[in-house]
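Numbering-wise, the numbering used here puts 147 at position 86 of the sequence shown, and it's gapless, one number per residue. Data first, discussion second: the structure below is written as C-alpha cells.
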Amino acid sequence: MKSAEICYEIPASMKNKEALVEAFDGLEQKNWTHEEIVKYIEEHEDYAQEQAQKARQEEKQSLAINLLQMNLHPEQIAQATELSLEQVESLLKNHRFNQK
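Laid out in C-alpha cells, this is it:
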C-alpha cells in the first residue's frame, strides 16, 4: 500500500489481517467527533452490562441445575438462586435428573 491513494475502507484482501484492521479502526476513531466518541463509549458500556447480566443469569441457572441434581425442592432453589419458580421448573423439565 506504499503508493496507495487515500483509503477510507480496508481492501478486501487485507481484512483478514487483524493488526491492520485494528490500526485502521484506530485511525478512523481519531477523526470522530466528541458526540461519536461518547456514543461509542455508551454502546460499549451497555454491551458490557448486558454481557455481565447474561453471565449472572447463566451462573444462577447452573447453580439451580446443581441444586436440582441434589434433589432440593424447586421452591427452595428459586429462593436460593433468585430465579423464578417457573424458571426452576423449566430447568427441571429440560434436564434429566436422578430422582430418589
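Backbone N, C-alpha and C define an ideal beta-carbon position, used for all residues, glycine too.
Asked: With residue 155 as the anchor, note down where its alpha helix (DSSP H) starts and where it stops.; Found: 146-155
Asked: State buried or exposed for residue 79, treating a residue as buried only when at least 16 other CB atoms are found within 10 Å of its CB.; Found: exposed
Asked: Where does residue 73 land, buried or exposed, given buried means 16+ other C-beta within 10 angstroms?; Found: exposed
Asked: DSSP three-state label for residue 79, please.; Found: helix
Asked: Going straight from the alpha carbon of residue 111 to that of residue 104, what length do you get?; Found: 11 Å
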